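Enquirer: Take this structure, written in structure tokens, and hold onto it; I'll ask about it next.
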Amino acid sequence: MKRLTGLWRALGQTHRTTAEWLALSLAVLTCVVVLVLTGSLRRADTLLYDQILSTRLEPVPYDVVLIGIDDASIRALGQWPWRRALHAALLDRLTDAGARAVVFDLVLAEESSAFPDDDTLLADAMRRNGATVLPVLVEGGSGAPVTYYPSARLRDAARSFGHIEAVIGDGGVVREAVLQQAIENGGWDHIAVAALRLVDPAWLPALQNVPRGSRYLIPFFGPPGHIPAFSYVDVLQGRVAPEHLEGRIVLIGAMASGMADAVNTPMTRDHKPMAGVELIASIVAALKAGMHITPISMAQHVVLTLLFVAGALIALRFLTPRHGLMVTCAIAAGILGLSAFLLLRVGIWMPPASAVLGVLVAYPLWSWRRQEAALRYLDHQLRNLSQSTIPLPVLRLFPASADADLFDHRGYQLAAAIRQLQSVSRFVSDGLNSLPDATMVVDLHGRVLMNNDAAQRYFARFGVRAKLNIFVLGNLLRLAGVLGDGEPLDLGAQRLRVDRQERMDREGMVQLLRATPFRATDQSVLGWIVSLTDITSIRRAEEEREEAVRFLTHDIRSPQASIMALVELRRQRHLALNETELLDRIERHAQETMALADGFVQLARAKSIDLQLEWFDLRSLLIDAADDVWALASAGDVNIEVQSRDDEVLIHADRSLMTRAVVNLLNNAIKYSPRATIVCIRLLTGESTVTIQIVDHGPGIPPAEVPTIFDAFRRARHQPGKLSGVGLGLAFVQVVAERHGGDVAVLETGASGTTMQLQLPRCAKDVQLD
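Residue 423 is where the sequence shown starts when you use this note's numbering, and the numbers rise one by one after that.
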């Protein structure tokens, strides 16, 4: 029930967050649609349009050129206005140079009263040119528009006319032109259109589908001064080569300071406006090159804005705040980049302000709502945590000050909760590592979640060097040999099942496999705490106990029973042995009992005591051992010979145990050596090891007995007339060798004798036996 309640709360939290996101998304999308439809951000879009377009720098078509009435021309020809005869002379120059069309951006509405013949000269020059375009002024008032034409003689001589009205937009900036006025406004073509109609009649159909009165966004080529221009006086006086004018559309207008009809455009830089004649030249060049800027429709604007903002909202729903901020900035930058690309490279204007504002506003709004949800959830979890009992002391934190805001208080509570959880986690980790057994925490699929150092060390013995949390429990147990290859490990819902709980690993150690489930607060099983306990020493202790019982009940009891039987025979006079034979037999059984007790004690002592390691000369130890067995060797007419190529062989070992081990080997060799033979002690040295070989000339060891010759209570090669051993001498030698990190083995055996080999490290360490 608790689990279902927790699940329901989690689902409720998710649904609540989704509902808040949907409501916020709907509100933001509605707002941006309203902004688009009402044009509330039109000024911002206009500023962005100007900024983007001002970066444009394109080559101007070759066949458009300006002739400017500039300051140099004013200084050379006098104050303005000039005589129209000068214009006639200039026009003749252009005609002679082969100009394709000449456009005057000069209002010549009245005839010259001072020089009436100049209008005739200019009119004649226009007729000779045959491609002159003059401007008309159209002024609209409360009534019908009024058109101001050039003077009658010039009007009759001009080839075409066009209006030069500039459309002043937001901020006093000219961005558009009316290519064809509406009929009610005069119905005139723009002077640029008139010039192009004159130059290329085939261009006429291009405007057939353009509604009259519609505005044309001017695709400027560059800042003021970007279009090639010549000084009026230079052309008039022939200082400009004709090839610079031949076949060109020439526009003539004022460019001098204080007299030019300059306007601000998106290309205006450093407060330098663009002359009216250059504005007209920009329109002529753009139309001639087929360039245009088309704003997207209102429907397209709405759809694109919704797509951009909806994409940002979807990203915010599923991303972290940091990644959400990065994506938000990237989308906003992408919108601006796409708008700039479309404007500069495709000729499409996509106003970006509404979409950018919607994307940028969505992030703080959603962050606010998510923060509110996080605070609610945090409060709920902190209350649950405060109600739980965790009996561990934690480091106290300094509380937030009284004037701290809500987030400071929440931060203090969260820090305290985190510190408490860290203490619990550290307690669990330290407790796990304090366990002497290899312990692992696994989930229901057997994946290792945690382990202590003992587990890491245990599996490292089987080649596992990586962290255990990348393994599955069953694979680890198979690597160690605790589970057989292909043997399943059943991680049931209530208990971990294997065929046998006690297993032997690949090193021959007996491991006890145990598993305890750990549960959630609703008592559902989350996983298992699995431990491997090495019980090898316990099992060996049991074996040794059984061995000791057998020793006491059989080996020690047997000679004692024989003594008791002999005593009983002595009491029965008719069955009694003679005195000498009786004493001999009692003595032999008593010696056997003493040998058994002494051997058993020495073997147990060798297994349990701490080694007294010291540096000593092994060659002198062999000589001392030979002296210890001299009496036994003399009795059997056996000589002992020590062979060593070194005068001194230093070794780090327990001298007492080593002496006893060598004596046991010598006793064994002497016991089974024929009379008048030699037992040879060879001392061989290596770089890090020393080897002792005991060579006798006895009958050898039967091959079937070699594998068990070093086991306790094993007797071999008993010969009549020889004292049989108790089977503990070679077992003692093996224990001493293993305690020093060495080994003992039967190197050679046969009818000609046996070679026993004891090999030890030069610098031994105390190896505790299980």
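No residue lacks a Cβ here, since even glycine has one placed at the ideal position from N, Cα and C. These numbers were taken from a predicted model, which means no experiment stands behind them.
Assuming the contact rule is C-beta atoms closer than 8 Å, L890 and V870 should be a hit. Round their C-beta distance to whole Å, please.
Expert: So it is a contact: roughly 5 Å between Cβ atoms.
Enquirer: Take I957 and list the residues in its own chain whose beta-carbon comes closer than 8 Å to its own, dropping the five residues that flank it on each side.
Expert: Here the set comprises E924, V932, Q933 and L934.
Enquirer: Assuming A737 and I757 are in contact, meaning their beta carbons sit under 8 Å apart, how far apart are those beta carbons, in whole angstroms?
Expert: Incorrect: roughly 14 Å between the Cβ atoms, too far for contact.
Enquirer: Judging by CA-CA distance, which residue of L475, D692 and L797 is the nearest neighbour of Q835?
Expert: Cα-wise, what sits closest to Q835 is L797.
Enquirer: Under 8 Å by Cβ, that's how I've got A547 and L576 pegged, so tell me the actual separation to the nearest angstrom.
Expert: Going by Cβ atoms, the distance from A547 to L576 rounds to 10 Å, so no, they are not a contact pair.
Enquirer: Can you look up T687 in the DSSP assignment and give me helix, strand or coil?
Expert: DSSP places T687 in coil when its eight states are reduced to three.
Enquirer: So, is R1067 buried or exposed, given that buried needs 16 or more other C-beta atoms within 10 angstroms?
Expert: Exposed, since its Cβ has fewer than 16 Cβ neighbours within 10 Å.
Enquirer: Using 9 Å as the threshold, is the C-beta distance between G593 and N686 below it?
Expert: Yes. Within cutoff.
Enquirer: Do N897 and A876 have their C-beta atoms within less than 9 Å of each other?
Expert: Taking 9 Å as the Cβ cut-off, N897 and A876 do not qualify as a contacting pair.
Enquirer: Taking W1037 as part of the beta strand (DSSP E), name the residues at either end of that continuous run.
Expert: Residues L1035 to D1039.
Enquirer: Hey, how far is the Cα of Q793 from the Cα of S447?
Expert: Whole-angstrom Cα-Cα distance: 16 Å.
Enquirer: Just reading off the alpha helix (DSSP H) that Q603 is part of, what are its end residues?
Expert: Looking at the DSSP string, Q603 is not in any alpha helix (DSSP H), and its letter there is neither H nor E.
Enquirer: Does the distance from the C-beta atom of I1092 to that of L1044 stay below 9 Å?
Expert: Contact flag unset, no.
Enquirer: G1122 and G1175 look like a contact to me (Cβ under 8 Å); what is the Cβ gap, rounded to whole Å?
Expert: Their Cβ separation, rounded to whole angstroms, is 7 Å, which keeps G1122 and G1175 in contact under 8 Å.
Enquirer: Under 8 Å by Cβ, that's how I've got V600 and P688 pegged, so tell me the actual separation to the nearest angstrom.
Expert: In fact, because the Cβ distance is near 18 Å, the residues do not count as touching under 8 Å.
Enquirer: If we call anything under 9 Å between Cβ atoms a contact, is D1193 one with V1085?
Expert: There is no way to answer for residue 1193, as the model of the chain reaches only from 423 to 1192.
Enquirer: Are the CB atoms of V482 and G698 within a distance shorter than 9 Å?
Expert: No, these two residues do not count as a Cβ contact at 9 Å.
Enquirer: Just how far apart, CA to CA, sit V558 and T569?
Expert: The straight-line gap from Cα to Cα measures roughly 7 Å.
Enquirer: Can you tell me whether H723 is helix, strand or coil according to DSSP?
Expert: H723 falls in the helix class under three-state DSSP.
Enquirer: Classify L819: buried if its beta carbon has 16 or more other beta carbons within 10 angstroms, exposed otherwise.
Expert: Annotation note: pLDDT 45 at L819 (below 50); position unreliable, no value reported.
Enquirer: Just to confirm, are L459 and V724 a CB contact at a threshold of 9 Å?
Expert: Cβ atoms of L459 and V724: closer than 9 Å.
Enquirer: Comparing C-alpha positions only, which one of D493, V655 and R848 sits nearest to M681?
Expert: Closest by alpha carbon: D493.
Enquirer: Using only CA atoms, which one of R993, Q994 and I985 lies nearest to D1006?
Expert: It is I985.
Enquirer: Determine the contact status of T1087 and A1055, defining contact as a CB-CB distance below 9 Å.
Expert: In the sequence as displayed, the identity of residue 1087 is Leu instead of Thr. Taking 9 Å as the Cβ cut-off, L1087 and A1055 do not qualify as a contacting pair.
Enquirer: Can you tell which of I715, V894 and M1016 has the C-alpha that lies nearest to the C-alpha of S636?
Expert: When only C-alpha atoms are compared, the closest one is I715.
Enquirer: Check for me: the alpha helix (DSSP H) holding T542 runs from which residue to which?
Expert: Note, T542: alpha helix (DSSP H), D539 to N551.
Enquirer: Any idea if E587 is buried or exposed, counting beta-carbon neighbours within 10 angstroms, 16 or more meaning buried?
Expert: So E587 ends up on the buried side.
Enquirer: DSSP beta-bridge partners for V781?
Expert: DSSP lists no partner for V781.
Enquirer: Can you list, in chain order, the residues of its chain with a C-beta nearer than 7 Å to that of V1193? Leave out the 5 residues immediately preceding and following it.
Expert: Here the chain has residues from 423 to 1192 only, and residue 1193 is not among them.
Enquirer: Need the endpoints of the beta strand (DSSP E) that N873 sits in, please.
Expert: Its beta strand (DSSP E) spans residues V870 to N873.
Enquirer: Taking the alpha helix (DSSP H) that R515 falls in, what are its first and last residues?
Expert: Per DSSP, R515 belongs to the alpha helix (DSSP H) from R506 to A519.
Enquirer: Does the Cβ-Cβ distance between N551 and L508 come in under 9 Å?
Expert: No, Cβ-Cβ distance for N551 and L508 is not below 9 Å.
Enquirer: Tell me which residue opens and which closes the alpha helix (DSSP H) that N1086 is part of.
Expert: Segment R1077 to K1093, the alpha helix (DSSP H) holding N1086.
Enquirer: Indicate the three-state DSSP secondary structure (helix, strand or coil) for L433 in the structure shown.
Expert: The predicted model places L433 with a pLDDT of 44, which falls under 50 and marks its position as unreliable, so this point remains unresolved.
Enquirer: Relative to the C-alpha of A987, which candidate in V864, L451, L457 and I1008 has its C-alpha closest?
Expert: Per the Cα distances, I1008.
Enquirer: Can you list, in chain order, the residues of its chain whose CB lies under 8 Å from that of R506, leaving out five sequence neighbours each side?
Expert: The answer, listed in chain order, is L530, S534, F537, D540, D541, L543 and L544.
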